[in-house]
Amino acid sequence: MGNRGMEELIPLVNKLQDAFSSIGQNAALDLPQIAVVGGQSAGKSSVLENFVGKDFLPRGSGIVTRRPLVLQLINCPTEYAEFLHCKGKKFTDFDEVRLEIEAETDRVTGANKGISPVPINLRVYSPNVLNLTLVDLPGMTKVPVGDQPADIEAQIRDMLFQFVTKDNCLLLAVSPANSDLANSDALKIAKEVDPRVRACMRTIGVITKLDLMDEGTDARDILENKLLPLRRGYIGVVNRSQKDIDGKKDINAALQAERKFFLSHQSYRHMADRMGTAYLQKTLNAVRRSISKNMSASERINTLKCLVKTNAHWLLCFITTTLEATIAPPLL
-9 MGNRGMEELI PLVNKLQDAF SSIGQNAALD LPQIAVVGGQ SAGKSSVLEN
41 FVGKDFLPRG SGIVTRRPLV LQLINCPTEY AEFLHCKGKK FTDFDEVRLE
91 IEAETDRVTG ANKGISPVPI NLRVYSPNVL NLTLVDLPGM TKVPVGDQPA
141 DIEAQIRDML FQFVTKDNCL LLAVSPANSD LANSDALKIA KEVDPRVRAC
191 MRTIGVITKL DLMDEGTDAR DILENKLLPL RRGYIGVVNR SQKDIDGKKD
241 INAALQAERK FFLSHQSYRH MADRMGTAYL QKTLNAVRRS ISKNMSASER
291 INTLKCLVKT NAHWLLCFIT TTLEATIAPP LL
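Going by the numbering used here, the sequence shown opens with residue -9, and the numbers climb by one from there.
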């Protein structure tokens, strides 16, 4: 089974993951996936929306992501979205996708800032995306609000570690350029779970808010991987400002502005080809393929064996439930 085999395996396992999620079970898989981590105001949502080219994630103050969002991006000619919990419904209006995420979050956690480790599974089909599976995780916080428990920081940390401790999980560590990188929540997590030679073999640093730095300062040393170096380095991005978002600035226009920023900035123009959202997407896809390729055929087979063996009871439940719903009882 070559790299092509792994490309065919991942969609199959995605379907099995959906099957377990639909009956309330989380299958413990160690397959290539990308966990997006960062503080509350690091810019994670904007990075993910740039990948999709649509506004579709909830925004606001405090913890906005209160359940893990498993986001499967699938390249295809038609653009639409599907939720696992809304079987058979296709969303073509991405404002409705955002409203559904908010409603489904509140359904499980309540409307007053509660959190839950139960994921929301969302697939986005589009000609503008690369085939990637990302997990958007709640931002780290220390101060509880609303109905959040006093140990909210520990709860979020435990939730993050369910994903980021897996060897085949790539960490996308998002940190803002206008804050001290030494205090980055994302990098602290990365260095704890990925403490390998020259730090963090499976971590890619993403630096946001480069356009919001104080005049006369820049992040050149960070982006050149000289300050707090990572094995896979850092990639800078420029997201839309809150004013841009409020004014409904088109994401494609924002991506063009991002490209212009790097090409024209004195500190970054020499590395402009290694900066920006498009380069970040290509890098993630290449690293994911590399991880997949390094998994031997036996590891891939054992992954599926382990999945079925460990979750045999739940898989049987799912098959039985599906058949019962599909095959109508005979009329008496």
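Positions of the beta carbon are idealized from the N, C-alpha and C atoms, including for glycine.
Exposure label - residue i; buried when at least 16 CB within 10 Å
i: residue 101; result: exposed
i: residue 90; result: buried
i: residue 325; result: Residue 325 lies beyond the stretch modelled for the chain, which goes from -9 to 322, so this question has no answer here.
i: residue 164; result: buried
i: residue 112; result: buried
i: residue 232; result: exposed
i: residue 23; result: buried
i: residue 195; result: buried
i: residue 172; result: exposed
i: residue 93; result: exposed
i: residue 86; result: exposed
Beta-carbon proximity of residue i to residue j, cut-off 8 Å
i: residue 67; j: residue 107; result: no
i: residue 176; j: residue 27; result: yes
i: residue 270; j: residue 225; result: yes
i: residue 145; j: residue 105; result: yes
heavy atom of the ligand ATP below 7 Å from residue i C-beta
i: residue 193; result: The ligand ATP is absent from the structure shown, which contains no ligand whatsoever.
Alpha helix (DSSP H) segment containing residue i, residue limits
i: residue 94; result: 84 to 99
i: residue 113; result: Premise fails: residue 113 lies in the beta strand (DSSP E), 110 to 116, not in any alpha helix (DSSP H).
Residues near residue i by beta carbon distance below 8 Å, same chain, minus five either side
i: residue 230; result: 36, 239, 241 and 244
i: residue 267; result: 37, 40, 41, 227, 245 and 248
i: residue 160; result: 22, 23, 24, 25, 192, 193, 194, 274, 277, 278 and 281
i: residue 31; result: 129 and 166
Run of the beta strand (DSSP E) containing residue i, from where it starts to where it stops
i: residue 124; result: 122 to 126
i: residue 135; result: Taken as a continuous stretch (DSSP letters only), residue 135 belongs to no beta strand (DSSP E), as it is neither H nor E.
i: residue 27; result: 23 to 28
i: residue 62; result: 59 to 65
i: residue 251; result: Premise fails: residue 251 lies in the alpha helix (DSSP H), 241 to 254, not in any beta strand (DSSP E).
i: residue 182; result: Counting along the chain, residue 182 falls outside any beta strand (DSSP E), though it belongs to the alpha helix (DSSP H) covering 175 to 183.
Own chain partners of residue i with C-beta closer than 7 Å, once the 5 adjacent residues on each side are dropped
i: residue 134; result: 140 and 142
i: residue 234; result: 244
Counting Cβ pairs, one atom from each stretch, are 3 or more of them under 8 Å apart for the segment 165 to 174 and the segment 192 to 211? Result yes; three or more Cβ-Cβ pairs closer than 8 Å.
With three or more beta-carbon pairs closer than 8 Å as the criterion, would you say the segment 125 to 134 touches the segment 46 to 64? Short answer: they touch.
Using 8 Å as the threshold, is the segment 41 to 49 in touch with the segment 212 to 219, meaning 3 or more CB pairs across them? The answer is no - the segment 212 to 219 does not touch the segment 41 to 49, with fewer than three Cβ pairs under 8 Å.
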